[in-house]
Amino acid sequence: ITFTWTKHAIFLLSSGSRSVFTSSKPDTANPNWLRVGLAFGTSALLWGLLFRQHSTDVHEYKVRNGLE
Numbered sequence: 066i067t068f069t070w071t072k073h074a075i076f077l078l079s080s081g082s083r084s085v086f087t088s089s090k091p092d093t094a095n096p097n098w099l100r101v102g103l104a105f106g107t108s109a110l111l112w113g114l115l116f117r118q119h120s121t122d123v124h125e126y127k128v129r130n131g132l133e
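Residue numbering for the sequence shown follows the working numbering, beginning at 66 and increasing consecutively.
Printed below as a string of structure tokens:
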């Protein structure tokens, strides 16, 4: 039973990353700029939040340890 499952898993992993529901390959010459903008915007927002949280944590550390 395990051998059959392993063969099936290997087939699924080697078949690629395209979804079953995708009817055609994405057109790389004409990207979806809304999705690109959302991806980069989300990344920039998360980096900004991370930087702000880090600055807050460093300030709290300095206050707690009498360094500021």
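Where is the CB? At the ideal position from N, CA and C, for every residue including glycine.
Keep in mind the model is a prediction, meaning the values are calculated, not measured.
*Which residues mark the beginning and the end of the alpha helix (DSSP H) in which F86 is found?*
Per DSSP, F86 belongs to no alpha helix (DSSP H) and is neither H nor E.
*Kindly indicate which three-state DSSP category E133 falls into: helix, strand or coil?*
Coil at E133, not helix or strand.
*Mapping DSSP to helix, strand and coil, what is T121?*
Reduced to three states, the DSSP call for T121 is helix.
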